[in-house]
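So the structure is just underneath, and the comments pick up after that.
Residue numbers (my numbering), protein chains in the order written: chain A, 1 to 229; chain B, 1001 to 1229.
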């Protein structure tokens, strides 16, 4: 294919995706569902973060999960052990979730009104940045074992996210990772980015994430009620 | 005065203030000036933070300062030692800067086009929250010696701010202060708040603040050019 033709195909794919994303967003808005799209490199701890969050919040916040992976349904199984409903989407050769896949998964999941929906994307710091799934926010995880330079090397993802969670903070004493320098790099590509430092393993810093989550979920419910009323 | 009359007077004061704030904001916007309104309790380290920031950035970013205090011009003198221009505003009995005072101070300061303007408010976690000065953002400082509960006890200020800087991080090893719990409290009153942890004394964490500052100041310049062009 010519370069021009490739660009045209990419545009068509993204514009089709945006249409499905708008449908998802309208459905979430009408039902007070607060949807987050979790993106990161493989192994930065997305599933562990979700498992701990669900364990700590399930008594006060209904949470459903859409799990994206190229293969296996291991992650959805880990989520279900917490008692939360989870749907696994296998993308096969695909390197990201798209809004159409998420729409079907949500249909199947049938999340409760006024609930929280976690969408765990395929581990990939590049492609998922371009695909709107209809989420309220992209949340980018970065583990402190990955290096301070990642926001500069993968700027699209950090520019597309509204919240950056630095995970594996329990390892900081054993590493040369400079939290301040990493946040500085991230703010250089996205001056409006919010940042939190946590360990999904020990639970340190997680209360700040829970505050952020609950306050934003409450606003989604308020907006849905205002729209209906 | 009756309760009703007091409320009426307060409304008049705030609406007058908002008029002056709009004038300041228009002037800043037209001239690419990125104005920040620094608010905090007394002694949380606003002036030290500004002094270090100016020292570190003055070669690449023109910075002017409006200093607010009830009495003395000590702070403006400290700022001027860095080489940056500073105007002291004494509020006398006043517990906050208002937009009219700031407008006059800015006239006198005559900040350069495409520069940064730091407005250091009177040390007070209550009243300055209600007074828009025409700034791009309120930045609330909280020192880690003040306790994690301050965002819950003074919610208006933390709700009005866009950035919270936790200062005096060098003292953390000697304190029982829980950074995560403090950020959780702040996000409870303002889910969109950005947070940074720094020590203006040792400089730790300051690069993240500089990134935030430079990226936002660059956007203010871009917007002014787009408006003029």
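Here a beta-carbon is modelled for each residue, glycine too, at the ideal position from N, C-alpha and C.
As a beta-bridge residue in DSSP terms, residue 1143(B) pairs with 1167(B). Around residue 146(A), no beta-carbon contact reaches into chain B at under 8 Å, the shortest distance being about 17 Å.
In the three-state reduction of the DSSP assignment, residue 1177(B) falls in the coil class. Chain-ordered, the chain B residues with CB closer than 7 Å to the CB of residue 187(A) read 1208, 1211, 1212 and 1215. Cα atoms of residue 84(A) and residue 181(A): separation of roughly 36 Å, rounded to the nearest angstrom. Our two residues, residue 5(A) and residue 13(A), have alpha carbons roughly 12 Å apart in a direct line. Of the other Cβ atoms in all chains shown, fewer than 16 fall within 10 Å of the Cβ of residue 1126(B); this residue is therefore exposed. At a cut-off of 9 Å between beta carbons, residue 1161(B) makes no contact with chain A. Taken in chain order, the complete beta strand (DSSP E) segments of 3 residues or longer contained in the stretch 82-115 of chain A are 86-90. In its chain, beyond the 5 residues on either side, 1036, 1037, 1161, 1162, 1163 and 1216 have a beta carbon closer than 8 Å to the beta carbon of residue 1137(B).
DSSP places residue 196(A) in the strand class (E or B) of the three-state scheme. In the structure shown, residue 36(A) falls within a strand segment according to DSSP collapsed to helix, strand and coil. Identification of chain A residues near residue 1157(B) by a Cβ-Cβ cut-off of 9 Å yields none; the smallest Cβ-Cβ distance measures about 17 Å. Taking the Cα of residue 1204(B) as reference, the smallest distance to any Cα among 1166(B), 1011(B), 1082(B) and 1114(B) is reached at 1166(B). The shortest C-alpha to C-alpha distance from residue 1124(B) to any of 1148(B), 1156(B) and 1099(B) is the one to 1156(B). Cβ contact annotation for residue 73(A) (same chain, cutoff 7 Å, sequence separation greater than five): 88, in chain order. The DSSP assignment places 63-69 as complete runs of the beta strand (DSSP E) inside the stretch 42-75 of chain A, in order along the chain (cut-off: 3 residues). In this structure, residue 1141(B) sits near residue 1046(B), with a CB-CB distance shorter than 9 Å. Annotation for residue 1011(B): the continuous alpha helix (DSSP H) segment containing it runs 1003-1030.
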